[in-house]
Each structure stands twice: as structure tokens, then as C-alpha cells.
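Enquirer:
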Amino acid sequence: MPFEQSLLFLFGLMSIFLYLLIVRTLKKHRKTPLLGGTFFKLVVLQFYAETFFFLEFSLTMRFRKYTDFYLLFEPGTEFTGIVPRVISGVHYYVKVVVYIGYTVFAINRLLSALTVSSYNSQNISVWGPSTIRWITITQWSVPILAVLPTHAWPDFQFFLQITATAMRLNNDAFSTALISYVDGFCCLATCVFCIICYIITGFLIRKNWKRNSTTVFKKSSSQSSAERGLFISAVLSFCVLMLNLTVQILKIIISWNEMTNILAAYDISYPMVDLMYSHYPWVLIVTSSVLRRQLVYDVKLLIRNTLRLDEASMSMSRNGQTNAASKTVPAT
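Residue numbering for the sequence shown follows full-length UniProt numbering, beginning at 1 and increasing consecutively.
1) Out of curiosity, what's the CA-to-CA distance linking Leu114 and Ile107?
2) Given this structure, state the Cα-to-Cα distance separating Pro143 from Ile249, to the nearest angstrom.
3) Can you give me the C-alpha to C-alpha distance between Tyr93 and Leu55, rounded to a whole angstrom?
4) Using the three-state DSSP reduction, which class does Glu74 fall into: helix, strand or coil?
5) Got a sec, what are the start and stop residues for the alpha helix (DSSP H) Phe53 sits in?
6) In the DSSP output, which residue or residues are listed as bridge partners for Asn170?
7) Could you tell me the boundaries of the alpha helix (DSSP H) in which Ser288 lies?
8) Within the same chain, show all residues whose beta-carbon is closer than 7 Å to that of Gly89, passing over the 5 residues directly before and after it, in chain order.
9) Can you tell me whether Thr25 is helix, strand or coil according to DSSP?
10) Give the DSSP-derived three-state secondary structure of Thr80 in the structure shown.
11) Given Lys95, which residues of its chain have a CB within under 6 Å of its CB, disregarding the five upstream and five downstream residues?
12) What's the call for Glu78, buried or exposed, on a 16-neighbour Cβ count within 10 Å?
13) Considering only C-alpha positions, which residue in the set Ala166, Gln161, Ile100 is nearest to Leu145?
14) Exposed or buried, Asp183, counting other C-beta atoms within 10 Å across all chains shown (16 or more means buried)?
15) Using the three-state DSSP reduction, which class does Thr32 fall into: helix, strand or coil?
16) Nearest CA to the CA of Thr25: which residue from Lys31, Gly202, Thr138, Asp298?
17) Quick one: measure Cβ to Cβ for Phe231 and Arg109, integer angstroms, because I've assumed they're closer than 8 Å.
18) Measuring straight from C-alpha to C-alpha, what distance separates Tyr70 and Arg64?
19) Taking buried to mean at least 16 other C-beta atoms within 10 Å of its own C-beta, is Asn305 buried or exposed?
20) Compare the C-alpha of Phe158 against each of Leu169, Ala164, Cys187 and name the closest.
21) Among the candidates Arg308, Pro281, Leu178, whose CA atom is the shortest distance from the CA of Thr51?
22) To which residues of the same chain is Asp274 closer than 6 Å at the C-beta, ignoring the five residues directly before and after it?
23) Given this structure, state the Cα-to-Cα distance separating Tyr102 from Cys194, to the nearest angstrom.
24) Within the same chain, show all residues whose beta-carbon is closer than 8 Å to that of Val283, passing over the 5 residues directly before and after it, in chain order.
25) Taking all protein chains shown into account, decide if Pro84 is buried (16 or more other Cβ within 10 angstroms of its Cβ) or exposed.
26) Buried or exposed: which applies to Thr190, given that a residue is buried once 16 or more other Cβ atoms fall within 10 Å of its Cβ?
27) So Arg133 is in the alpha helix (DSSP H); what residue range does that whole segment cover?
28) Does the distance from the C-beta atom of Ile268 to that of Ser180 stay below 7 Å?
29) Could you check if Cys197 is buried or exposed, using at least 16 other CB atoms within 10 Å of its CB as the buried criterion?
30) Can you check whether the CB of Ala164 is closer than 7 Å to the CB of Pro75?
31) Once you ignore the five residues that flank Thr176 on each side, which residues in its own chain have a CB closer than 6 Å to its CB?
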């Protein structure tokens, strides 16, 4: 695997591990007011989507293309059938799953600004357990509708091509263009929807700052600061989505030019995919001071307890060896 691809994979692995620690902290402190809000429940949902994205992309895309697995086959060999179709379909399916997660974040921030006083209230908030459950079902079922037109048609050709240097996933010209259009449209629709939501949210936040302290809409300074940080994290994540849209447009433009450089375009898109599933835990750590402090405390506590457990195990092992030696009858 090339050095830069190894670095990208290690960075993605570190990001997912950090993501896992964040989710552990959120679940451990889900009853804490500033960490038990609905936004962080959505973060947990997005963690599952982006972790699956990381695993899918690493195994079926990066390792397939950049490892020496192709050496097991003769150069010039092509594999058709269900496997390349499924590999391509799952990749674009999980991308749409992640896109839906962006839209849910945007809706969450908008409703947070609209319903300032009742956003996290019991029996009032629209983000109850049933809503979270339906969001999960929608996020993982609706993307099938985007994949079926591009991958279920039997006349489309998907194949794995063995070259002298790699194993490439290819498909026919029409399906390549169609996949680029559908992926680009999904990303564009997500960007347009999110930018409208964030513009309205920013306006409402600015308006709420000007409210008098005697109104029922006034929040504590810590809660207001926390929600501003969450809004900033959502906007920064949206900027990554805009970069992905730029890559999608580039791929569509190249497809118009008879796809002479389509493979180079996919090479460029690899770091963009890495950024999509790896950026958000770092954004959360930077923008949410409450989460950052709690995560640092939990990690220190985890390390301390782990070291104590190791010391206790070693002590028990030494005591066991000492007791066994004392019971041994010396040879005469």
C-alpha cells in the first residue's frame, strides 16, 4: 500500500477510535443535561453510519485497490457477476446514509433554535424515542431507493479488472455517468437543504441572543454556549459536505469528456471519502468544551482503572507463585 494511503488509513482508524470514545462518554453520561440532549443522540446514530462507511471503504475500496491482493490473479483478468455490483452498490448506499445524517443534524439545529424553551423537555420535545427510532429506520432504508436505479438494472455491467499494478472496480459508461448523476444529485440536494436550515438557524440564534433575560426563552449561559458550539460543529461538518459536492461535480464534468480521466478522478475522491467519515469526532472535540472535558476525564479514569487492574492481576499472579512455592516439598 502506498505510504500516503497508509497514513490516510491510520488517520481514519484513529478517528473512528476517538469517535468510539466519544460515544462511550455520551452513553455513560446520557442523563447529564448538557450531554444527554437529542443532538448527541443523533451523534451516536451518525457514529454507526460513519463507522460502517470506514469499514466498507477500507475493505472493499482501499485494500482492494492498493494492496498486493491483485498478485493472486493473472493481469488482464476480469471478474463479472454479483460481487462487483454489490461492492459498488454498498459503497454508494452508505454514502446516502451519511448524507441523511447531515440533513438530520440540520433539522435538529433548526428546531433547537425554533423551540428554545421546550427543545429537550420531556413529553414536549419532538425528538422522543419514537422519533429517534423512525430516523434510524429512514436513514438506513431510504438509500436503497437511490441505489436500485443504478445497480439493480441487469444490463449494466460491473466488473473487477486485474491490471499489472492493482485490482480496479469498473462499470460501463452509461452506468458510470448515471451513478455520478445520482450521487451528485443526492449530495447537492443535501447541501441545498442544509444551507437553508443553517441560514435560518443562524438568524434565529442571533435573534434569541437579543431577547431579554426575563423571557421564558432565556437559557443559562452554559447551555447557550454549548448549543452555539454544537451549531458550529454542524456547520463545519456541512463544509466538508460542500467539498464532497465539489468532487462530485468534478467527476460529472470528467464523465462528459468521455471519461478520459475518470480513474484519476476516483483517486482524488479517496481522500475526500476519508475526510467524510473521519472529520466529525475532531470537530466535536474542538467545538464542544463540555464533551472535551468529560472525555478527557473519562479517558484518564479508564487508563487509571486499567493500570490498577493490571497491577492487581500481577500481584495476584506473584502471590499465587509464592504460595505454590511454599507448598512444594523440597527434594531430599
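Backbone N, C-alpha and C fix where the C-beta goes; we use that ideal spot for every residue, glycine too.
Expert: Inspection of the coordinates gives the following:
1) Here residue 114 refers to the residue found at position 114 of the sequence shown. Here residue 107 refers to the residue found at position 107 of the sequence shown. Distance between the alpha carbons of Leu114 and Ile107: 10 Å.
2) Taking the sequence shown and counting its residues from 1, the one referred to as residue 143 is at position 143. Taking the sequence shown and counting its residues from 1, the one referred to as residue 249 is at position 249. Rounded to the nearest angstrom, the two C-alpha atoms are 20 Å apart.
3) Your numbering for residue 93 matches position 93 in the sequence shown. Your numbering for residue 55 matches position 55 in the sequence shown. Cα to Cα, Tyr93 sits roughly 14 Å from Leu55.
4) As a first step, residue 74 is located in the sequence shown; it is residue number 74 there, counting from the start. In the structure shown, Glu74 sits in coil (DSSP, three-state: anything other than H, G, I, E or B).
5) Position 53 of the sequence shown holds residue 53. Counting along the chain, the alpha helix (DSSP H) containing Phe53 begins and ends at 38–56.
6) Locating residue 170 in the sequence shown gives position 170, counting from the first residue. According to DSSP, which records beta bridges pairwise, Asn170 is partnered with Phe159.
7) Numbered from 1 along the sequence shown, position 288 holds the residue referred to as residue 288. That residue, Ser288, is in no alpha helix (DSSP H); it is neither H nor E in DSSP.
8) The count along the sequence shown starts at 1 and reaches residue 89 at position 89. Closer than 7 Å at Cβ, skipping near neighbours: Val147, His151.
9) On the sequence shown, position 25 is the one that residue 25 refers to. In this structure, Thr25 counts as helix in the three-state DSSP scheme.
10) Here residue 80 is taken as the residue at index 80 of the sequence shown, counted from 1. If DSSP states are grouped into helix, strand and coil, Thr80 belongs with the strands.
11) To locate residue 95, count along the sequence shown from 1; it is residue 95. Hits under 6 Å: none found.
12) To locate residue 78, count along the sequence shown from 1; it is residue 78. Looking at its Cβ environment, which holds fewer than 16 other Cβ atoms inside 10 Å, Glu78 is exposed.
13) Here residue 145 refers to the residue found at position 145 when the sequence shown is read from its first residue. The shortest C-alpha separation from Leu145 is found at Ile100.
14) Translated into positions along the sequence shown, residue 183 becomes position 183. By the neighbour-count criterion, in which 16 or more other beta carbons inside 10 Å mark a residue as buried, Asp183 falls on the buried side.
15) One-based indexing of the sequence shown puts residue 32 at position 32. In the structure shown, Thr32 sits in coil (DSSP, three-state: anything other than H, G, I, E or B).
16) Position 25 of the sequence shown, counted from the first residue, corresponds to residue 25. Of the listed residues, the one whose Cα sits closest to Thr25 is Asp298.
17) As a working note, residue 231 is residue 231 in the sequence shown. As a working note, residue 109 is residue 109 in the sequence shown. Distance from Phe231 to Arg109 at the Cβ level is roughly 5 Å; contact confirmed, criterion being Cβ atoms closer than 8 Å.
18) If you number the sequence shown from 1, residue 70 lands on position 70. If you number the sequence shown from 1, residue 64 lands on position 64. Those two C-alpha atoms are separated by around 8 Å.
19) Here residue 305 is taken as the residue at index 305 of the sequence shown, counted from 1. It is exposed - the Cβ of Asn305 has fewer than 16 other Cβ atoms within 10 Å.
20) Along the sequence shown, read from residue 1 onward, the residue named residue 158 stands at position 158. Each of Leu169, Ala164, Cys187 was checked against the Cα of Phe158, and the nearest Cα belongs to Leu169.
21) As a working note, residue 51 is residue 51 in the sequence shown. Selected option, being the one with the closest Cα: Pro281.
22) Here residue 274 is taken as the residue at index 274 of the sequence shown, counted from 1. Cβ neighbours of Asp274 beyond the five flanking positions: Leu8, Gly12.
23) For the purposes of this step, residue 102 is identified with residue 102 of the sequence shown, where counting begins at 1. For the purposes of this step, residue 194 is identified with residue 194 of the sequence shown, where counting begins at 1. Answer to the nearest angstrom: the Cα atoms are 7 Å apart.
24) Locating residue 283 in the sequence shown gives position 283, where the first residue counts as 1. Ser233, Leu236, Ser237, listed in sequence order.
25) Along the sequence shown, one-based indexing puts residue 84 at 84. Burial call: buried.
26) Mapped onto the sequence shown, residue 190 falls at position 190. Burial call: buried.
27) In the sequence shown, the residue the question calls residue 133 occupies position 133. Run containing Arg133: 129–141, per the alpha helix (DSSP H) assignment.
28) Taking the sequence shown and counting its residues from 1, one reaches residue 268 at position 268. Taking the sequence shown and counting its residues from 1, one reaches residue 180 at position 180. Taking 7 Å as the Cβ cut-off, Ile268 and Ser180 do not qualify as a contacting pair.
29) For the purposes of this step, residue 197 is taken as residue 197 along the sequence shown, with counting starting at 1. Buried is the call here.
30) Locating residue 75 in the sequence shown gives position 75, where the first residue counts as 1. Locating residue 164 in the sequence shown gives position 164, where the first residue counts as 1. Yes.
31) The residue you call residue 176 lines up with position 176 of the sequence shown. Excluding positions up to five away in sequence, the list is empty.
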